[in-house]
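Numbering (this note's numbering), first residue to last: 920 to 1410.
Backbone N, C-alpha and C define an ideal beta-carbon position, used for all residues, glycine too.
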RNA sequence: CGGGGUGUGGCGCAGUUGGUAGCGCAUCUGGUUUGGGACCAGAGGGUCGUCAGUUCGAGUCUGGCCACCCCGACCA
């Protein structure tokens, strides 16, 4: 099988590309660097959105929407922020087209040049803080806990479906607080939301930690991250939460009067998670037969495939299949009954495996006779025959079990590919031969981090929150270090 | 922006010393099939990325341009 996919072990990057295309998640578009997210891929995003949105609201946040366009002058108000994004911005300079003098075709009307150029948002801190300035006068106006679901544009040189595209979808939370402590708390809370989501829904074990100065968000005091390991041993940053201090409040002059009547700048956070998560989902769990989706994010959790020789048989089987479908749906399980006569069962089996549907139920004449069905689980590719009676409890348990098993498998993979390293030679060997997470000592300087990056392409993914204090020597410089940090090559 | 590669039916590809375009998959029709990607018979579908040049004649040779992919630098 799997003759339609490149082998994961042979060419991981090609396997990933094949999978995205063949599973019908997305494709490249006519616009360089921009992808079309196809219905099946978008359905996964909708599941991600629905769950995160629920979690954001449960933690007191509300949704709003700010403009796609940002006046250039806003953008340049926070020095580090500009530096971080200036190199990858799309800019609107005109607002009108006209017919080309010499015939057909359209040209930009030079007379429609904008007074001030508009930047297509690469992130929305500036446009949002420009609004917050008008919304905040007193401590009574705080906190503001807003999230926005949006598209953003970052003009990337090289793109890959879901992992890096010029335009992508995400959510960005932007909060304003009266105190530093409260903002830090919020930053931590939202990283917690992300890691809960990753572990419980994506079945993706993540390491929470601080970014080093080099890797920090432009304009942030502190960036927290969740880092996940992919099956090729590379790390993927799955979500970030930033403590912005008073940087944006100062840039946009957002002050408030506190309880004692004193004027102070507002404290801020921002946090984001993007369609890149779909890339993580694919790369963390899938195999050479196709996608493996955790049940809690699978657009279709159970597919029913009838096996029949003639229309009469199909009719009998369909009655049983529809009964099972409604029984399962009553339990909140999403079920597709695929009774299309245009494809054979074997084709359907392979196709739903490619698409990562967690559970497949096959019903044929034999099953009708015995009141049974054949159940196949995607994660282990195993099959069993069970009685139809009590199927809803069985499938419910099975889905839970698959969710847990996928998480467990990913956890074990991470464990087997995380190395505690003390010698520079070992550091290089591991990166070159197998990849993975490396826990090593670091002297805490940006120079050392930069040199390690130059020599090995590995970066500090994070300084884990739970890294124990431990005396040691920097893997590169030999200078004293107090704790190990997480190194890896990354996406 | 550097290095490499590719542009030929919807998709994947072949096309020899230049002679008027072919294969597989997919599609459509008919029939037999259906418990792991069915089979047989027939049919439709191509300004060969683009512009110019050489030639009696260009998918093929020459030059320019464009697009895309892969590997680097940059990044979620």
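With contacts defined by Cβ atoms closer than 9 Å, residue 1277 and residue 1212 form a contacting pair.
Residue 1105 is not a Cβ neighbour of residue 1041, given a cutoff of 9 Å. The three-state secondary structure of residue 1352, taken from DSSP, is helix. Contact check for residue 1090 and residue 985: beta-carbon distance about 13 Å, past the 8 Å limit, so the pair fails to qualify.
In this structure, the straight-line span from the alpha carbon of residue 1009 to that of residue 1043 is close to 14 Å. DSSP places residue 1065 outside any alpha helix (DSSP H); the residue lies instead in the beta strand (DSSP E), whose first and last residues are 1063-1072. Looking at the DSSP output, residue 1403 shares a beta bridge with 1360. Within the DSSP secondary-structure output, residue 1099 pairs in no beta bridge.
Between residue 1313 and the set 1335, 1171, 1243, 1259, the nearest pair of CA atoms involves 1243. The residue among 1038, 977, 971 with its C-alpha nearest the C-alpha of residue 992 is 1038. With contact defined as three or more Cβ pairs closer than 8 Å, the segment 1115-1123 and the segment 1090-1099 are not in contact. Residue environment for residue 933: exposed (fewer than 16 other C-beta atoms within 10 angstroms of its C-beta).
Counting the other Cβ atoms within 10 Å of the Cβ of residue 1056 gives fewer than 16, which makes it exposed. Around the C-beta of residue 1336, 16 or more other C-beta atoms lie within 10 Å, and the residue is accordingly described as buried. For residue 1016, the uninterrupted beta strand (DSSP E) segment begins and ends at 1016-1018. With contact defined as three or more Cβ pairs closer than 8 Å, the segment 1134-1146 and the segment 1178-1185 are not in contact. Taking C-alpha positions only, residue 1296 is separated from residue 1348 by approximately 37 Å. Rounded to whole angstroms, the Cβ separation of residue 1131 and residue 1379 is 5 Å, and the two are in contact under 8 Å.
CA-to-CA, the gap between residue 1155 and residue 1285 works out to about 47 Å. Put simply, the backbone Cα of residue 1143 is about 24 Å away from that of residue 1395. Using a Cβ-Cβ distance cut-off of 8 Å, the segment 1076-1091 and the segment 989-1004 are not in contact, since fewer than three pairs of beta carbons, one from each stretch, lie closer than that value.
Counting along the chain, the unbroken beta strand (DSSP E) around residue 1162 starts and ends at 1154-1164.
Residue state for residue 1315 is assigned as helix, using DSSP reduced to three classes.
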